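So the sequence shown is numbered by the working numbering: it starts at 14 and just counts up by one.
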Amino acid sequence: MTGDGQVPRGWSTERADTVLGECIAAGIVGRFETQLVTAAIRALDAQGESATDGAVLALALVARATRLGHVCLELDQVGRQLAASRDEGDPAPAVSLPDLDAWRDELAQSALVAPEERADRAPLRPLVLAGCRVYLQRYWAFEVAVAGQLGERRGTHDDPVDGPELERYRREALDAVFGSADTDGDRQVPPDEQRLAAQRALTYPVTVIAGGPGTGKTHTVARVLVAAHRVAARQGRVLRAALAAPTGKAANRMRESILERVAVLQGDGGIDTALAEQLAATVPTTIHRLLGARGRTGFRHDHDDPVPFDLVIIDETSMVSLPMLARLLDAVRTDARLVLVGDPFQLTSIEAGTVMGDMVGPDDAGLGTGVEPLAGRVTELVRGHRFRSGSAMAGLALAIRRGDADETIGLLARGEGEVHWVRPDDAPAIGALRDEVVHGARAVVGYAVDGRVSDALDAAQRIKVLAALRHGPNGLFAWSDLIADAVRDDVPSHRRGGWPRVGTPVMVTGNDAINRLANGDVGVVIHDGTRSWVAMGGAGQARLLAPARLGDWEPWWAMTIHKSQGSEFAHAVVALPTVDSPILTRELLYTAVTRGKPEVTVVGSEQIIRLAVGRPVARASGLRDRLWSGS
């Protein structure tokens, strides 16, 4: 220390560099982790305490793990977690790690670490040790909060006095939207899984509806809404319902799907005009807007000021991070109902957590009757409706989901129906595919130049390249440049002024409340004969926006697979990298191929496809154990 008792600033930095030198050289930890460790060392030294080398290393690795989407660091799986420490490129090289038992014992005695049983007591420590899992304190708090909230909402809101009457209201409402189909005369028929999901949604405070594309999730959600309104009306009250999704694009897609289902129900006589108008007025929003995001200062709504809704339905829950789920549960009233909908096999949140998979839990979770918070509250929809039964597309999605590389390759090689495979070394096939993609882009430009707004927006959705990576010969930028160059001269010279150019499909990359734009919104630049506009797609009539008000955007000739979640295209072209990358996973490939409705073309070598199918996302999280341990 210096003469005044202060720790020399350079000393703590030198200590961090010394302990983390091997990890820094390997590219496993960077400036953020080094600065965090330096600050922690300095704070402890100022208090007259010290951090051991093992604790310093753990703090850096846990910080890095959370930036990669892990909730915690699993001490017995550190090598696997470090292997994915680079977003694109080769896996990180191996580094020397302490002996597991000795490392855990060292952490248990460290001033940087609190054991789980004392983690919420002052003074708070940067790390929490729970068995072989090490957490940053805030992520441990989020995980415990989610498990605790779900546990507290395990019961029902039914009043024992009016329970039987309320159950009759529910049954009548479900019969109105699903039909009374549990039996056919004296013959028992298979249970209606969509009806079961809706029944649970009307009964329990928190329920989960899981299923792949085309299994009827939106169909079920629409009927949950209708049935909930009917039950509320029988009780003499008006239901306040909210619909939300993680992104603006997903919220728009949710609105389009709900309106389609409502129109069908109204046409079938299942609902009257007044209820149809009420449902149409329930406009999905983003979760951030639902909670009243205040920039960096948090959210308006929390436990003390909850959102004013009786029913909250969240779509695309696989994209929700652990911190966001914690804040959502905190902001939904305990006497309200929360329905979480999503596909547990799709890509997880960009931020930390695997909440959808953790909540769905083991295979028999939906049948559970134990004391676990979500036992009997999870319904997995497995009967596909989007893809023809027995179709190659349905088989391909199932093979990828199961991790069956041989079946996946077999289906692609047969090339039946709507499934196609183009190998990177097949020059004629690559050329034909590029011509098809460019032809689709030229249709967009033609309609945009003529001012045909709806046709331009529809054409932009027909064929889309979904790239696994941004860089590389088969990446987003390569495809976007190829398409943009091919259609550049399709715009007449007298309409080429301004930027973005007429005919360019655009994707918004930032939220803009003033102009009612959300990250992920898409549109096309069109010309009305006098001037250029950006026609923004969505449910109902397109909205015209001056190009100067577009804000942050990027060309939408192609898109990354991550940003394609929640979208559907008549023909999805899945562009895989030419070399292996940690980002290439089973969930990435599954998400990509299921964007095709109904056609998909996979561009990639057999080796790359096998690597993807055989590599499931393996994010470290303790939430599943907390929810399904049976305790």
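Quick reminder that beta carbons are idealized off the backbone N, C-alpha and C, glycines included.
These numbers were taken from a predicted model, which means no experiment stands behind them.
Practice task
Specify whether the region 463–480 and the region 578–590 touch according to this definition: at least 3 beta carbon pairs, one from each stretch, less than 8 Å apart.
Solution key: yes
Handout entry: Whether L140 touches A52 by CB criterion (9 Å)
Key = no
Practice task
Could you pull out every residue in the same chain whose Cβ sits closer than 6 Å to the Cβ of R167, ignoring the five residues on either side in sequence?
Solution key: P386
Handout entry: Distance, R77 Cα to L86 Cα
Key = 9 Å
Handout entry: Rounded distance between the beta-carbons of W570 and W2, thought under 8 Å
Key = Absent from the structure is residue 2, since the part of the chain shown begins at 14 and ends at 644.
Practice task
Return the chain-ordered list of same chain residues with a C-beta closer than 7 Å to the C-beta of A410, the five sequence neighbours on each side being excluded.
Solution key: G225, Y603, V606, T607
Exercise for the section: Let me know if A633 comes out buried or exposed under the rule of 16 or more other beta-carbons within 10 Å of its beta-carbon. Expected result: buried
Practice task
Answer yes or no: the CB of V157 versus the heavy atoms of the ligand SAH, is any distance below 8 Å?
Solution key: As for the ligand SAH, it is missing from this structure, which has no ligand bound.
Handout entry: Through-space distance from S270 to G355, alpha-carbon basis
Key = 14 Å
Problem - Proximity below 9 Å, CB of A276 to CB of A241 - result: no
Problem - Stretch pair the region 538–549 + the region 436–453: three plus CB contacts closer than 8 Å - result: no
Practice task
Taking all protein chains shown into account, decide if V296 is buried (16 or more other Cβ within 10 angstroms of its Cβ) or exposed.
Solution key: exposed
Problem - Own chain partners of L489 with C-beta closer than 6 Å, once the 5 adjacent residues on each side are dropped - result: A480, R483, A571, T573
Handout entry: Same chain, Cβ closer than 7 Å to M549, neighbours up to 5 away in sequence not counted
Key = D534, G536, A555, R556, L558
Exercise for the section: State whether the region 340–355 contacts the region 594–602, with contact taken as three or more CB pairs (one from each stretch) at a distance under 8 Å. Expected result: no
Exercise for the section: Could you tell me whether the Cβ atoms of A388 and N487 are closer together than 9 Å? Expected result: no
Practice task
Go through its chain and collect everything with a Cβ distance to D199's Cβ below 6 Å, but skip five positions before and after it.
Solution key: With a pLDDT of 41 at D199, under the threshold of 50, the predicted position of this residue should be treated as unreliable, and no value is reported.
Practice task
Would you list, in sequence order, the uninterrupted alpha helix (DSSP H) runs of no fewer than 4 residues that lie entirely inside the region 508–539?
Solution key: none
Problem - Meets three-Cβ-pair contact criterion under 8 Å: the region 455–469 and the region 503–511 - result: yes
Exercise for the section: Look at the Cβ atom of V391, then the Cβ atom of V221, and state whether they are nearer than 9 Å. Expected result: yes
Practice task
Kindly identify the DSSP beta-bridge partner or partners of H314.
Solution key: None, per the DSSP bridge assignment.
Problem - Close-in-space but distant-in-sequence residues of the same chain around W566 (CB under 7 Å, 5 per side omitted) - result: V519, M520, V521, T522
Exercise for the section: Identify every run of the beta strand (DSSP E) within the region 228–313, keeping only runs that are complete inside it and at least 3 residues long; order them along the chain. Expected result: 254–258
Practice task
Would you tell me roughly how many angstroms separate the C-alpha atoms of H301 and V630, rounded to the nearest one?
Solution key: 26 Å
Exercise for the section: Determine the extent of the alpha helix (DSSP H) in which R146 is found, giving its start and end residues. Expected result: Here R146 belongs to no alpha helix (DSSP H); instead the beta strand (DSSP E) covers 146–149.
Handout entry: Identity of the residue in H316, T361, F358 nearest T347 by Cα
Key = H316
Exercise for the section: Measure the C-alpha to C-alpha separation of L360 and V615 and round it to an integer number of angstroms. Expected result: 18 Å
Problem - Any beta strand (DSSP E) of 3 or more consecutive residues that is wholly inside the region 555–619 - result: 556–558, 566–568, 571–573, 582–588, 609–616
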